[in-house]
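Below is one structure, written out as structure tokens, with a few remarks after it.
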Amino acid sequence: RKYFQELRKGGTEIQACYEAGFCGFQLARQLSGMGIGCAVAAPGMLPRMPSDRVKTDRRDARLLARALRNGDVHEVYVPTKQDEAIRDYLRMYEDEKGDLKRAKQRVLHFLLRRGLRYTHGGNWTGGHRKWLLSLELDHPMEQETLDGYYARVVELEEHCQTIAARVEEIAGEERYVEPVRQLKAFKGIGTLIALSLIVEIGDFRRFATAEQFMAFLGIVPSEHSSGTKRRQGSITKAGNSHLRKLLVEAAWHQRSYHPTSKRLMARREGLPAPLISYANRAGRRLNKKFLRLLYAGKPSQVAATAVARELAGFIWGAMTGNTA
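Right under this line is the structure:
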């Protein structure tokens with residue numbers, strides 16, 4: 002604050018920018034509160050010379066200042082404090098679910114090393130849990146280890162249930178309830194993915210086309226073409242990796258599509274007929290594409306990624322009103 006107050010003496014107009022990173026958005030908010038325009042630059046979009054192999058803070062500052070002067074800074078969306086807080090809460094939920102998955106794997110691996118395996122159904126069913134609790138291992142230390150592993154699983158399950166209930170409460174708030182209901186009209190998109198899309202993206206209209214939204218998520222093919230040859234490779238993986246992972250997760254649900262599903266019909270209850278028709282059109286198209294790619298011999302992971310790209314386009318259309 003003191004530094005910028007010195008710069009502003011004499012009525013000098015100041016524009017500032019810094020690269021998006023570990024600093025977050027607090028500095029941008031502080032400068033905006035002081036009446037100073039501040040852009041948060043996307044690091045991967047800054048113009049850099051391929052031969053420039055010297056990196057120092059001073060050179061980086063000159064690069065940023067030159068890009069800002071020339072209008073070459075691609076600004077990162079700065080979320081509101083509320084959206085940022087909810088975004089971090091949802092990411093914490095994802096981390097907790099990952100911890101739960103690993104905790105369950107530790108239990109199974111511990112038993113497998115001792116030749117113990119449940120053969121009367123799937124793991125983590127009611128029968129499997131009764132079997133776990135009935136086990137009596139030979140060594141007391143082994144029994145204590147199993148009890149500790151299982152207690153951790155139960156603890157994480159209870160915590161995840163508490164967080165899931167809180168996520169449903171947040172999704173019911175006035176700011177989010179309607180967009181969440183619209184996104185849940187698509188198969189594979191539940192409350193968590195819908196709310197994550199809303200708080201991570203903010204305003205979907207900042208993307209002029211669906212293709213721009215897909216490129217932001219990094220699910221468009223990379224390309225290295227020259228002359229008459231066109232070479233396309235794997236997806237770019239640029240932009241928001243968290244949303245990309247969630248969309249691919251939702252795309253796996255498109256392997257089948259039943260518009261008369263009771264769960265899907267319940268989620269669509271009360272929504273406008275044009276939106277339901279749009280979601281049905283999306284479901285049929287995505288399912289057809291998934292199966293076509295599988296029948297063509299493509300790996301299922303490639304098919305899911307391709308379907309996630311088109312699903313992103315349908316999501317952009319629903320959130321911007323381009324459902325024609």
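At position 322 of the sequence shown (counting the first as 1) the number is 323 in the working numbering, and the numbers step up by one without a gap.
Glycine is no exception: its CB is placed at the ideal position from the N, C-alpha and C atoms.
- Within the DSSP bridge table, the entry for Val-41 names Tyr-19 as partners.
- The beta carbon of Ala-252 lies closer than 6 Å to those of Ala-305, Val-308, Ala-309, Leu-312 in the same chain, with the five residues before and after it left out.
- Counting the other Cβ atoms within 10 Å of the Cβ of Thr-192 gives 16 or more, which makes it buried.
- Taking Arg-269 as the centre and dropping the five residues before and after it, the same chain places the C-beta of Ala-186, Ile-277 closer than 6 Å to its C-beta, in chain order.
- Classified as exposed, Ala-274 has fewer than 16 neighbouring CB atoms from the shown chains inside 10 Å of its CB.
- Spanning the alpha carbons of Ala-283 and Ala-86 requires a straight line of approximately 31 Å.
- Around the Cβ of Lys-10, a 10 Å sphere holds fewer than 16 other Cβ atoms; the residue is exposed.
- In this structure, DSSP gives Glu-143 a helical state, which the three-state scheme calls helix.
- Burial check for Phe-291: the Cβ neighbour count within 10 Å reaches 16 or more, so the residue is buried.
- When C-beta atoms of the stretch 16-26 are compared with those of the stretch 70-87, three or more pairs fall below 8 Å, so the two segments count as touching.
- Between Met-46 and the set His-129, Arg-207, Leu-91, Ala-68, the nearest pair of CA atoms involves Ala-68.
- Under DSSP, Lys-230 shares a beta bridge with Ser-227.
- Cβ neighbours of Thr-321 within its own chain (closer than 7 Å, five residues either side excluded): Phe-205, Arg-206.
- Excluding sequence positions up to five before and after Val-200, its CB lies within less than 6 Å of the CB of Asp-84, Ile-87, Arg-88, all in the same chain and listed in chain order.
- Residue pairing by DSSP places Glu-76 opposite Ala-42 in a beta bridge.
- Within its own chain, the residues whose Cβ lies closer than 7 Å to the Cβ of Glu-169, once the five positions on either side in sequence are excluded, are Thr-192, listed in chain order.
- Here the stretch 285-302 makes no contact with the stretch 234-245; the two share fewer than three CB pairs at distances below 8 Å.
- Between Ala-165 and Val-181, the gap from beta carbon to beta carbon reaches 8 Å or more.
- Beta-bridge annotation (DSSP): Pro-222 is paired with Ile-236.
- Sixteen is the threshold: since fewer than 16 other Cβ atoms of the shown chains lie within 10 Å of the Cβ of Ser-52, the residue is exposed.
- Asn-71 sits in a helix when the DSSP states are folded into three classes.
- In summary, Lys-131 is exposed, with fewer than 16 beta-carbon neighbours lying within 10 Å of its beta-carbon over all protein chains present.
- Put simply, the stretch 88-101 does not touch the stretch 121-130. Fewer than three CB pairs are less than 8 Å apart.
- Ala-17 and Glu-158 have their C-alpha atoms spaced approximately 46 Å apart.
- The Cβ atoms of Thr-324 and Tyr-279 lie closer than 8 Å to each other.
- The way I'd put it, the stretch 103-123 does touch the stretch 139-152; three or more beta-carbon pairs between them come closer than 8 Å.
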